[in-house]
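Presented below is the structure to which this report refers.
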Amino acid sequence: MVDFTTPLGPLTLANPLMAASGCFGYGVEYKDALDLSQLGAVVVKGLFMTEREGHAPPRIVETPGGMLNAIGLQGIGVHRFVKERLPELRALGATTIVNVCGVTLDEYVEVCKVLSDHEGVAGIELNISCPNIKEGGIQFGCSLPGTHDVVSAVRKATNLPIMPKLTPNVTDVASFARAAEEAGADAISLVNTFLAMAIDVETRKPKLTNVMGGLSGPAIRPIAVRMTYECRQAVKIPIVGMGGIANAADVLEFMLAGANAVQIGTANFADPFIWSTVMADLEAYCTRHGITRLADLVGGVDIPKKKAAPAPACRPS
Amino acid sequence: MLPGMIVDVQADVLGNRALSAEYNVVTLAAPAIAAAARPGQFVMVKTKPGLEPLLRRPFSIFEIVRGADGTPLGISILNKRIGIGTGQLFDAREGDRLGVLGPLGQPWPLVEAPTRAWMVAGGVGLAPFATLTEALSAQGVPLTLFYGARRGEDLYYAEWFAERGVDLVLATEDGSRGTHGRITLPLEAALRDTAAEAPVAIYCCGPTPMMQAVAERAAAAGREAWVSLEQVMGCGMGGCYSCVVPVKTADGGSHFVRSCTNGPVFAASTLQWEGLAHHG
Numbered sequence: 019m020v021d022f023t024t025p026l027g028p029l030t031l032a033n034p035l036m037a038a039s040g041c042f043g044y045g046v047e048y049k050d051a052l053d054l055s056q057l058g059a060v061v062v063k064g065l066f067m068t069e070r071e072g073h074a075p076p077r078i079v080e081t082p083g084g085m086l087n088a089i090g091l092q093g094i095g096v097h098r099f100v101k102e103r104l105p106e107l108r109a110l111g112a113t114t115i116v117n118v119c120g121v122t123l124d125e126y127v128e129v130c131k132v133l134s135d136h137e138g139v140a141g142i143e144l145n146i147s148c149p150n151i152k153e154g155g156i157q158f159g160c161s162l163p164g165t166h167d168v169v170s171a172v173r174k175a176t177n178l179p180i181m182p183k184l185t186p187n188v189t190d191v192a193s194f195a196r197a198a199e200e201a202g203a204d205a206i207s208l209v210n211t212f213l214a215m216a217i218d219v220e221t222r223k224p225k226l227t228n229v230m231g232g233l234s235g236p237a238i239r240p241i242a243v244r245m246t247y248e249c250r251q252a253v254k255i256p257i258v259g260m261g262g263i264a265n266a267a268d269v270l271e272f273m274l275a276g277a278n279a280v281q282i283g284t285a286n287f288a289d290p291f292i293w294s295t296v297m298a299d300l301e302a303y304c305t306r307h308g309i310t311r312l313a314d315l316v317g318g319v320d321i322p323k324k325k326a327a328p329a330p331a332c333r334p335s
Numbered sequence: 140m141l142p143g144m145i146v147d148v149q150a151d152v153l154g155n156r157a158l159s160a161e162y163n164v165v166t167l168a169a170p171a172i173a174a175a176a177r178p179g180q181f182v183m184v185k186t187k188p189g190l191e192p193l194l195r196r197p198f199s200i201f202e203i204v205r206g207a208d209g210t211p212l213g214i215s216i217l218n219k220r221i222g223i224g225t226g227q228l229f230d231a232r233e234g235d236r237l238g239v240l241g242p243l244g245q246p247w248p249l250v251e252a253p254t255r256a257w258m259v260a261g262g263v264g265l266a267p268f269a270t271l272t273e274a275l276s277a278q279g280v281p282l283t284l285f286y287g288a289r290r291g292e293d294l295y296y297a298e299w300f301a302e303r304g305v306d307l308v309l310a311t312e313d314g315s316r317g318t319h320g321r322i323t324l325p326l327e328a329a330l331r332d333t334a335a336e337a338p339v340a341i342y343c344c345g346p347t348p349m350m351q352a353v354a355e356r357a358a359a360a361g362r363e364a365w366v367s368l369e370q371v372m373g374c375g376m377g378g379c380y381s382c383v384v385p386v387k388t389a390d391g392g393s394h395f396v397r398s399c400t401n402g403p404v405f406a407a408s409t410l411q412w413e414g415l416a417h418h419g
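The listed protein sequences correspond, in order, to chains S and Z. Position one of the first sequence corresponds to residue 19 (the working numbering), numbered consecutively onward. Position one of the second sequence corresponds to residue 140 (the working numbering), numbered consecutively onward.
As structure tokens, this is what we get:
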């Protein structure tokens, strides 16, 4: 028997697999197919104070080994969420982490206060990294003071565990990990999608109505692994890694790079039953390698001593 | 299996019959999905293992394939080769295994006799009407299929419906079979010629402009109509919010809802057709 228990700061998850925000609706959509209590956690779709319509379709387009999305954070808002979805998630036994969005710093704080007043929220993932909305969000996540300010304001407003979700659309993601840690984050998650674009050469029009979108899927995985590794060197708080994970080997790669837990997003679209497959394969790997506790692998990448990891090519001065 | 349960079956390809250089019918061994499916529901098919393409493709369940004793054995899919996924399904070979996830989505509402059901199909939009025909004819509902295509040879499976007692009204754009022109021409005539007190329900699937035209004509005639939409879908489960369509709101505006979970079948009068046509 392998111990999959995953300590994550103040939280302890049954296993390291989380459903990624924006890829799993509000969780309840999957109740006819899955036992949600079997997942390490469900990170629900991003919530603002009020409902949002999102962008006009087409909202997705496939690219080699990946996809672009520009959903635009369509959502029901935090008040409807706590009334209409949260009770069901509790009844289903899901460990629910809520992805919180804001146009302003105050909105992040207000959404978190509403969530703090309700039973059944295990933690908050602060969405300071969505590339698809004009105001708020990534504006905070692309500025070190902005990241610090949002995290410390939310820290003061709630006792729930908080986990800022970092954007890869910056020069040095590790400095943002440090800013989050210094502001009182319990953990960080990374990466959100890479801002990207696809053009139909026949019509000469962008393939997405929103022109640009976020790239996800296996195509981004090596970059996300590198960023996870960089953040592991920079901070002590737990890291939730994500970016193109589609099987157990991918999970292990992120864990060896320094992730304590992982999120699966795009791969769940193609295979909503991926969770049990990955868990079985993780168990087989551990058995094969004589590992009794999966968490022992975290940060265990074996980098030859003589060859220090090369410095990133580009650092802000 | 419990009703409403969704399963992912690694389905053997039992057969692949080309109807033309564009159209084919693939039969898949998926007894659990065949047993649970209701008329108008769809499946998400992984048309080839690996990353190209990354996502599954949505397909209406065409026929329920049954054994000699009536046991559901699988489903068939009516496919038109358009892009990568439909191209792979066109090329599927007997013995291939494809991931088939379903049954998904809201089925057609079923009317009861003496209401007559008029099914209006354009091209590959014929797909959701075979299961509807079986369900409604079992209830004794009189059925008519208004079926349009570019050419006479593209009117696949017309005989399948005729053999099941469905009245056929055909139209082709080149005039080679049935009415010369679009299927909305004979539909308009039928609406005009049917007494207002005779109950008729309209079911429609085809290209968006055709469905919009049918929706407008049904509304003008005071007839209830349902349409089955086909949108780009990421997951088919309600997880990704990519397949949204605009529905009317009480204040005269519109609101995006997911066509995978709220649809693919919608009451035509609830849709905001201008937005759908623009972004469809």
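Note that beta-carbon positions come from the ideal geometry of N, C-alpha and C, so glycine has one too. Quick caveat: nothing in here was measured; it's all calculated off a predicted structure.
query: Residue 245 of chain S, buried or exposed, once every other Cβ within 10 Å from all chains shown has been counted against 16; result: buried
query: Residue 267 of chain Z in three-state terms, based on DSSP; result: coil
query: Assumed close pair residue 118 of chain S, residue 129 of chain S - CB separation to whole angstroms, cut-off 8 Å; result: 5 Å
query: Within 7 Å of chain S by C-beta, residues of the stretch 248-272 of chain Z in sequence order; result: none
query: Extent of the continuous beta strand (DSSP E) to which residue 96 of chain S belongs; result: Per DSSP, residue 96 of chain S belongs to no beta strand (DSSP E); it is in the alpha helix (DSSP H), 95-102.
query: Own chain, CB closer than 8 Å to residue 140 of chain Z, minus 5 neighbours either side, in chain order; result: Its pLDDT being 39, under 50, residue 140 of chain Z is placed unreliably in this model, and the value from its coordinates should be taken loosely. For residue 140 of chain Z, where only same-chain residues beyond five positions count, the Cβ hits under 8 Å are 146, 171, 174, 175.
query: Given residue 283 of chain S as reference, the closest of S:229, S:134, S:215, S:61 once Cα atoms are compared; result: S:61
query: Bridge-paired residues (DSSP) for residue 417 of chain Z; result: In DSSP, residue 417 of chain Z forms no bridge with anything.
query: Interface partners of residue 286 of chain S on chain Z, CB under 8 Å; result: 374, 378
query: Alpha carbon of residue 133 of chain S to alpha carbon of residue 96 of chain S, nearest angstrom; result: 8 Å
query: Neighbourhood of residue 386 of chain Z by C-beta distance below 7 Å, restricted to the same chain and skipping five residues each side; result: 393, 394, 396, 409, 410, 411
query: Residue 191 of chain Z classed as buried or exposed, judged by whether at least 16 other C-beta atoms fall within 10 angstroms; result: exposed
query: Residue 313 of chain S versus S:208, S:188, S:258, S:42, residue with shortest Cα-Cα distance; result: S:258
query: For residue 136 of chain Z, three-class secondary structure by DSSP; result: Any property of residue 136 of chain Z remains undetermined from this structure, which presents chain Z solely from 140 to 419.
query: Neighbour list for residue 72 of chain S in chain Z, Cβ cutoff strictly below 8 Å; result: 380, 383, 395
query: Cβ pair count under 8 Å reaching 3, the stretch 244-261 of chain Z against the stretch 275-290 of chain Z; result: yes
query: 9 Å Cβ cutoff met for residue 164 of chain Z and residue 199 of chain Z; result: no
query: Proximity to residue 107 of chain S [Cα-Cα], best of S:154, S:243, S:50; result: S:50
query: Terminal residues of the alpha helix (DSSP H) in which residue 365 of chain Z lies; result: Counting along the chain, residue 365 of chain Z falls outside any alpha helix (DSSP H), though it belongs to the beta strand (DSSP E) covering 363-367.
query: Per-residue contacts from residue 346 of chain Z into chain S (C-beta, under 9 Å); result: Near residue 346 of chain Z there are no residues of chain S at all, since even the closest Cβ is about 16 Å away, more than 9 Å.
query: Residue range of the alpha helix (DSSP H) that includes residue 305 of chain S; result: 292-307
query: For residue 218 of chain S, the residue or residues it bridges with in DSSP; result: S:223
query: Reference residue 241 of chain Z; option with closest CA among Z:307, Z:401, Z:374, Z:390; result: Z:374
query: Every unbroken beta strand (DSSP E) inside the stretch 207-286 of chain Z [3 residues or more]; result: 211-219, 236-243, 255-261
query: Validate contact between the stretch 318-331 of chain Z and the stretch 255-262 of chain Z using beta carbons, cut 8 Å, 3 pairs; result: yes
query: Boundaries (first-last residue) of the beta strand (DSSP E) holding residue 376 of chain Z; result: Premise fails: residue 376 of chain Z is in no beta strand (DSSP E) and is neither H nor E.
query: Within 9 Å, strictly: CB atoms of residue 31 of chain S and residue 231 of chain S; result: no
query: Any chain Z beta carbon closer than 9 Å to residue 289 of chain S; result: yes
query: Nearest-angstrom beta carbon gap, residue 153 of chain Z and residue 186 of chain Z [assumed within contact, 8 Å]; result: Wrong, their Cβ atoms sit about 16 Å apart, outside the cutoff.
query: Interfacial residues, the stretch 396-407 of chain Z to chain S, with Cβ spacing under 8 Å; result: 400
query: Length of the line joining the Cα atoms of residue 158 of chain S and residue 274 of chain Z; result: 55 Å
query: Length-filtered (4 minimum) alpha helix (DSSP H) runs lying within the stretch 141-218 of chain S; result: 156-159, 162-175, 191-200
query: Proximal chain Z residues relative to residue 212 of chain S, where beta-carbon distance stays under 7 Å; result: Correct list: empty, because the minimum Cβ distance to chain Z is about 15 Å.
query: 8 Å CB neighbourhood of residue 123 of chain S in its chain, flanking five on each side removed; result: 158, 167, 168, 171
query: DSSP-derived helix/strand/coil call for residue 92 of chain S; result: coil
query: At least three beta-carbon pairs within less than 8 Å, the stretch 273-283 of chain S to the stretch 19-27 of chain S; result: yes
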